[in-house]
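Be aware that the sequence shown starts at 335, since it is given in the numbering used here, and climbs by one per residue.
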Amino acid sequence: MRYLVFLRGIPGSGKSTFIKENRLEPYTISSDEVRLLIKPPVLSVTGKTIISQRINRRVWGLIYSLIKCRMEEGEFTILDATNAGNADMAKYRSLVKAYRYKAFCVDFSDVPLDIAKERNSKRPAYEIVPEAIIEDMYSIIRRQNVPSFVTVIKPYEFHEKLKYQITDFSDYRRIHHIGDIKGSYTALMKYFAYGLNDNDMYIFLGDYTGKRAENASVIKFLSSIMCRDNVVLLEGDNEKDLHGSATGEEQTRISEFTDASDPFSELKQAGVTLGDTLKLYRKTVSCVYYKFRNRSVLVTHGGMSILPENLIFTGTDQMINGVGEPEDATLVAESFNKNTDEDTYQIHGHRNPENLPIKNGRTFNLCDENPSDTFLRILTLDREGFDCQYIKK
Numbered sequence: 335m336r337y338l339v340f341l342r343g344i345p346g347s348g349k350s351t352f353i354k355e356n357r358l359e360p361y362t363i364s365s366d367e368v369r370l371l372i373k374p375p376v377l378s379v380t381g382k383t384i385i386s387q388r389i390n391r392r393v394w395g396l397i398y399s400l401i402k403c404r405m406e407e408g409e410f411t412i413l414d415a416t417n418a419g420n421a422d423m424a425k426y427r428s429l430v431k432a433y434r435y436k437a438f439c440v441d442f443s444d445v446p447l448d449i450a451k452e453r454n455s456k457r458p459a460y461e462i463v464p465e466a467i468i469e470d471m472y473s474i475i476r477r478q479n480v481p482s483f484v485t486v487i488k489p490y491e492f493h494e495k496l497k498y499q500i501t502d503f504s505d506y507r508r509i510h511h512i513g514d515i516k517g518s519y520t521a522l523m524k525y526f527a528y529g530l531n532d533n534d535m536y537i538f539l540g541d542y543t544g545k546r547a548e549n550a551s552v553i554k555f556l557s558s559i560m561c562r563d564n565v566v567l568l569e570g571d572n573e574k575d576l577h578g579s580a581t582g583e584e585q586t587r588i589s590e591f592t593d594a595s596d597p598f599s600e601l602k603q604a605g606v607t608l609g610d611t612l613k614l615y616r617k618t619v620s621c622v623y624y625k626f627r628n629r630s631v632l633v634t635h636g637g638m639s640i641l642p643e644n645l646i647f648t649g650t651d652q653m654i655n656g657v658g659e660p661e662d663a664t665l666v667a668e669s670f671n672k673n674t675d676e677d678t679y680q681i682h683g684h685r686n687p688e689n690l691p692i693k694n695g696r697t698f699n700l701c702d703e704n705p706s707d708t709f710l711r712i713l714t715l716d717r718e719g720f721d722c723q724y725i726k727k
């Protein structure tokens, strides 16, 4: 999911050990490892092997590009570097905002300077950092604060603060799950003829716009309810494709949006601005994992093959597009049913190439892929259990 984590501390403070002990290597970009990827150890004037510092500009340029690539996919990412100065983290501020990330800093600054120096001296020769440099870094950390957009935590808080917590919806009377709308406002209004009930929870699974000619009406309706406490909007691939994420892309899409050839020009003609759709897009989330009485329910746009131990480590792109290929929807459902306990369920949309019914064991598919896109699929959950509905478009 969209989390960027900075490790902050002088060499020898335990950052890399923390990564290894918590088996976080697959999620980590290490500045030292990137240096060695670009250039192996070199000889110093004293005859020792050292990691070259002359390639720093290339190192940090590559790290920035790697982090941006991961953000495009919504991947959980850790940057293992000293991150001593405010500017070291501040340069990622625009990426964090553009890609809707949450930024954390795991702070190792409490480690005493003498202990860090001792640990540093026991490293392989080419990894040893001169003590004068460590002292300078230590001084910078003491003087400068972490940027305000970053939440600071201690290493022992990592698993508590960065754990996706299940939400308890048991106080609601009924949970409504609305499948891929794809511009079918008429069908949507058949279901919401009497409005929303404050005692119910409403989860929309994404893909709000599509081939049908009622996209503007769908956007206006969702915009009118998106701030309610009992409404959750998931991000679908249609929303992601329409808006992108990066700042540069948004500017490009503004010009595209006003072009008469734009497939979404209907929105503009109906008085819906790009700003309106961006506000709606920014309200969307990657997934919902909730408890309702004795059931646990995972809701994503694309479908998962298992309930991960910590959803934060799962990439947003995979939640949106689903595990595997579009034609793997049935296999993914069978895997989820097999790999989770009998009180755990999942609901998704996005793909259903065989246009199978909604229910497949403990997996529910709310995507209608009939060639004529015939039905809006809706699933409700109350104390009596699940109920499937097909609303004619």
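Note that beta-carbon positions come from the ideal geometry of N, C-alpha and C, so glycine has one too.
Using a threshold of 9 angstroms, state whether the C-beta atoms of residue i and residue j are closer than that.
i      : j      : result
Tyr398 : Tyr361 : no
Ile385 : Leu377 : no
Ala521 : Lys373 : no
Pro642 : Glu661 : no
Leu700 : Ile509 : no
Val552 : Ser518 : yes
Phe340 : Asp448 : no
Leu358 : Ala437 : no
Val619 : Leu568 : yes
Val368 : Leu400 : yes
Asp514 : Leu710 : yes
Lys349 : Asp414 : yes
His684 : Gly649 : no
Asp702 : Leu713 : no
Thinking just about the alpha-carbon of each residue, which of the options is nearest to the one in residue i?
i      : options                           : result
Asn479 : Ser443, Ser557 and Arg616         : Ser443
Asn655 : Asp662, His635, Leu645 and Thr543 : His635
Tyr624 : Leu496, Gly609 and Val566         : Val566
Ala432 : Leu713, Lys574, Ser557 and Pro660 : Lys574
Ser639 : Arg392, Lys456 and Gln680         : Gln680
Gly408 : Arg336, Asn644 and Glu600         : Arg336
Arg404 : Ile487, Asp651, Arg477 and Thr664 : Asp651
Ser428 : Asn454, Asp675, Pro481 and Lys354 : Pro481
Asn390 : Leu371, Gly719 and Met535         : Leu371
Would you give the residue range spanned by the alpha helix (DSSP H) that residue i belongs to?
i      : result
Thr520 : Tyr519 to Tyr525
Met405 : Asn390 to Glu406
Val368 : Ser365 to Ile372
Leu556 : Asn549 to Ile559
Assuming residue i is part of the beta strand (DSSP E), what are its boundary residues?
i      : result
Ile487 : Val484 to Ile487
Ser630 : Arg629 to Thr634
Met535 : Asp534 to Phe538
Val622 : Cys621 to Phe626
Phe333 : Any property of residue 333 remains undetermined from this structure, which presents the chain solely from 335 to 727.
Arg711 : Phe709 to Asp716
Can you check whether the C-beta of residue i is within less than 9 angstroms of a C-beta belonging to chain C?
i      : result
Arg357 : Considering every chain present, this structure includes no chain C. It has just one protein chain.
For residue i and residue j, which I take to be in contact (beta-carbon distance under 8 angstroms), what is that distance rounded to the nearest angstrom?
i      : j      : result
Thr543 : Lys516 : 7 angstroms
Glu600 : Ala547 : 7 angstroms
Asn628 : Asp677 : 6 angstroms
Ser364 : Val393 : In fact, because the Cβ distance is near 11 angstroms, the residues do not count as touching under 8 angstroms.
Ile462 : Ser473 : 20 angstroms between Cβ atoms; not a contact.
Lys602 : Ile725 : That belief does not hold up - the Cβ atoms of Lys602 and Ile725 are roughly 28 angstroms apart, past 8 angstroms.
Within the chosen definition, does the segment 492 to 504 reach the segment 657 to 672 through at least 3 CB pairs nearer than 8 angstroms?
no
Kindly confirm or deny that the segment 337 to 355 and the segment 455 to 470 touch, where touching means at least three C-beta pairs closer than 8 angstroms.
yes
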